[in-house]
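Undergrad: In the UniProt record's numbering, the protein residues as written are 1 to 292. Ideal Cβ positions, reconstructed from N, Cα and C, are used throughout, including at glycine. My structure is below; once you've seen it, I'll send some questions.
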């Protein structure tokens with residue numbers, strides 16, 4: 001018994017050590033980004049890795065906040081994320097509930113949805129479809145093509161199937177319509193799943209980059225990820241001047257600090273939202289993972 005207790009403690013200590021190492025590996029890059037964003041250009045050029053700013057400088061954030069492109073892209077990404085998440089949750093929940101009812105062609109529709117999990121149409125066919133339906137150069141081109149995730153739809157359908165039929169039968173006896181049952185019974189019971197899938201959708205919409213480059217020609221409609229890429233390109237072009245040439249400038253531009261500050265500001269909204277949804281995250285996914 002005594003030897004087993006020592007073994008258990010050693011295993012617990014090893015687990016805590018492993019988790020601590022993983023946590024540090026995740027925190028260090030974020031800390032480096034935070035430190036560089038508040039550092040002067042000279043400190044960034046002279047030091048390869050900055051753990052904490054030597055001299056706190058806010059020039060990078062002032063430059064970003066003064067940039068119309070970044071502020072505009074922040075608003076565009078916020079719009080796409082909020083509207084896209086609401087649309088995705090609404091379509092996913094309604095379609096998942098519809099596939100739990102005895103309707104004609106239910107199995108065929110479900111097989112087609114599963115088929116999309118295994119095969120993808122590809123970039124060119126998707127581009128042609130978006131172009132033909134008139135979504136080019138529209139923010140809706142970043143929302144509608146990815147409005148429904150097949151995986152999330154199947155998991156939510158399984159969750160609806162796990163709800164006892166007695167609840168829906170009681171609603172039908174009381175004269176409730178299918179819409180009333182869906183809005184008054186199914187949706188309130190699926191709040192954890194909606195919160196978890198809402199987080200998935202929100203992160204996906206917030207990180208939209210490739211679709212923005214592919215479908216949006218107007219730079220005023222670019223999401224924040226595309227603007228961040230432009231900042232990275234500007235940083236690489238400025239860095240080509242060399243460290244000595246940059247330091248000789250009267251007002252040296254801070255491309256690296258601007259890049260890090262932009263990344264931090266782009267990541268901050270998700271970091272703020274996640275703690276509020278964390279309590280629903282694991283529960284919401286597990287509720288629909290099994291039936292019964």
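1. Whether or not the segment 66 to 74 and the segment 124 to 138 are in contact is what I'm after, with contact meaning three or more pairs of Cβ atoms, one per stretch, closer than 8 Å; do they touch?
2. When the Cα of residue 214 is compared with those of 24, 265, 139 and 152, which residue comes out closest?
3. Ordered along the chain, which non-local residues of its own chain (more than five positions away) have a Cβ less than 7 Å from that of residue 265?
4. When you compare each of 227, 150 and 229 to residue 113 by their alpha carbons, which one comes out closest?
5. Would the segment 198 to 213 and the segment 76 to 93 be scored as touching if the rule is three or more Cβ pairs under 8 Å?
6. If we count the other Cβ atoms within 10 Å of its Cβ and call it buried at 16 or more, is residue 80 buried or exposed?
7. Quick one: what's got a C-beta closer than 6 Å to residue 182's C-beta in the same chain, skipping five residues either side?
8. So residue 204 is in the alpha helix (DSSP H); what residue range does that whole segment cover?
9. What are the boundary residues of the alpha helix (DSSP H) that includes residue 125?
10. Can you give me the start and stop residues for the alpha helix (DSSP H) that residue 85 sits inside?
11. Please go through the same chain and pick out, in chain order, the residues whose beta-carbon is closer than 6 Å to the beta-carbon of residue 167, but skip the five residues on each side of it.
12. Can you check which of these residues, 77, 191, 174 and 218, is closest to residue 205 by C-alpha distance?
13. In its own chain, which residues sit with a C-beta less than 6 Å from the C-beta of residue 109, not counting the 5 before and 5 after it?
14. So, at 6 Å on beta carbons, what are the nonlocal neighbours of residue 19 in its own chain, with the 5 sequence-adjacent residues on each side left out?
15. For residue 40, which residues from the same chain have a beta carbon less than 6 Å from its beta carbon, with the 5 sequence-adjacent residues on both sides left out?
16. With hydrogens ignored, establish whether the beta-carbon of residue 211 is closer than 7 Å to any heavy atom of the ligand GDP.
17. My understanding is that residue 60 touches residue 261, with C-beta atoms under 8 Å, so please give their C-beta distance in whole angstroms.
18. Could you check which residue in 100, 26 and 5 has the C-alpha nearest to that of residue 158?
19. So, under 8 Å CB-CB, residue 224 and residue 74 are touching, yes? Tell me the CB distance rounded to an integer number of Å.
20. Can you tell me the Cα-Cα spacing of residue 209 and residue 7, whole angstroms?
21. Beta-carbon within less than 8 Å of residue 51's beta-carbon, same chain only, minus the 5 sequence neighbours each way: which residues are those?
22. From what residue to what residue does the alpha helix (DSSP H) around residue 64 run?
23. Verify whether the separation of the beta carbon atoms of residue 197 and residue 156 is less than 8 Å.
24. What residues in its chain sit with their C-beta under 7 Å from that of residue 227, if we drop five residues either side in the sequence?
25. What's the call for residue 125, buried or exposed, on a 16-neighbour Cβ count within 10 Å?
26. First and last residue of the alpha helix (DSSP H) that includes residue 209?
27. For residue 16, count neighbouring Cβ atoms within 10 angstroms of its own Cβ and tell me buried if that reaches 16, exposed if not.
28. Cα separation between residue 28 and residue 263?
TA: Taking the geometry as given:
1. no
2. Looking up residue 214 in the chain shown gives position 214. Per the Cα distances, 139.
3. Stepping through the chain shown from its first residue, residue 265 is reached at position 265. So the list reads 64, once near-sequence residues are dropped.
4. Within the chain shown, residue 113 is the residue found at index 113, counting from 1. Taking only the C-alpha atoms, the option nearest residue 113 is 150.
5. yes
6. Position 80 of the chain shown, counted from the start, is the residue given in the question as residue 80. Classification of residue 80: buried, given that the 10 Å Cβ count is 16 or more.
7. Within the chain shown, the letter at position 182 stands for residue 182. Closer than 6 Å at the Cβ level, and outside the excluded window around residue 182, lie 97.
8. Residue mapping note: residue 204 aligns to position 204 of the chain shown, counting from 1. Segment 191 to 206, the alpha helix (DSSP H) holding residue 204.
9. Numbered from its first residue, the chain shown carries residue 125 at position 125. First-last of the alpha helix (DSSP H) with residue 125: 123 to 132.
10. For the purposes of this step, residue 85 is identified with residue 85 of the chain shown, where counting begins at 1. Looking at the DSSP string, the run of the alpha helix (DSSP H) that includes residue 85 is 68 to 98.
11. Translated into positions along the chain shown, residue 167 becomes position 167. Contacts found: 185.
12. Your numbering for residue 205 matches position 205 in the chain shown. The shortest Cα separation from residue 205 among 77, 191, 174 and 218 belongs to 77.
13. Here the question's residue 109 lines up with position 109 in the chain shown. Excluding residues within five positions, none has a Cβ falling inside 6 Å.
14. If you number the chain shown from 1, residue 19 lands on position 19. Apart from sequence neighbours up to five positions away, no residue of its chain approaches residue 19 with a beta-carbon distance below 6 Å.
15. As a first step, residue 40 is located in the chain shown; it is residue number 40 there, counting from the start. Shown here for residue 40: same chain residues with a beta carbon closer than 6 Å to its own, the five before and five after excluded, namely 55 and 57 in chain order.
16. Of ligands this structure carries none, so the ligand GDP is not represented either.
17. Numbered from its first residue, the chain shown carries residue 60 at position 60. Numbered from its first residue, the chain shown carries residue 261 at position 261. With 8 Å as the limit, residue 60 and residue 261 qualify as a contact, their Cβ atoms being about 4 Å apart.
18. Residue numbering aside, residue 158 sits at position 158 when the chain shown is read from its first letter. Taking only the C-alpha atoms, the option nearest residue 158 is 100.
19. As a first step, residue 224 is located in the chain shown; it is residue number 224 there, counting from the start. As a first step, residue 74 is located in the chain shown; it is residue number 74 there, counting from the start. About 6 Å; that satisfies the 8 Å criterion.
20. Numbered from 1 along the chain shown, position 209 holds the residue referred to as residue 209. Numbered from 1 along the chain shown, position 7 holds the residue referred to as residue 7. The alpha-carbon of residue 209 is positioned some 49 Å away from that of residue 7.
21. Here residue 51 is taken as the residue at index 51 of the chain shown, counted from 1. Within the same chain, and ignoring the five residues on either side of residue 51 in sequence, the residues whose Cβ sits closer than 8 Å to its Cβ are 31, 32 and 35.
22. Indexing the chain shown from 1 puts residue 64 at position 64. Counting along the chain, the alpha helix (DSSP H) containing residue 64 begins and ends at 59 to 65.
23. The residue labelled residue 197 in the question sits at position 197 within the chain shown. The residue labelled residue 156 in the question sits at position 156 within the chain shown. A contact, by the Cβ cut-off of 8 Å.
24. Numbered from 1 along the chain shown, position 227 holds the residue referred to as residue 227. Answer for residue 227: 69, 70 and 73, listed in chain order.
25. Within the chain shown, the letter at position 125 stands for residue 125. Burial call: exposed.
26. Your numbering for residue 209 matches position 209 in the chain shown. No alpha helix (DSSP H) holds residue 209; DSSP gives it neither H nor E.
27. As a first step, residue 16 must be located in the chain shown, where it is residue number 16. Burial is judged here by how many other beta carbons sit within 10 angstroms of a residue's own beta carbon; residue 16 has fewer than 16 and is exposed.
28. Mapped onto the chain shown, residue 28 falls at position 28. Mapped onto the chain shown, residue 263 falls at position 263. One alpha carbon belongs to residue 28, the other to residue 263, and they sit about 15 Å apart.
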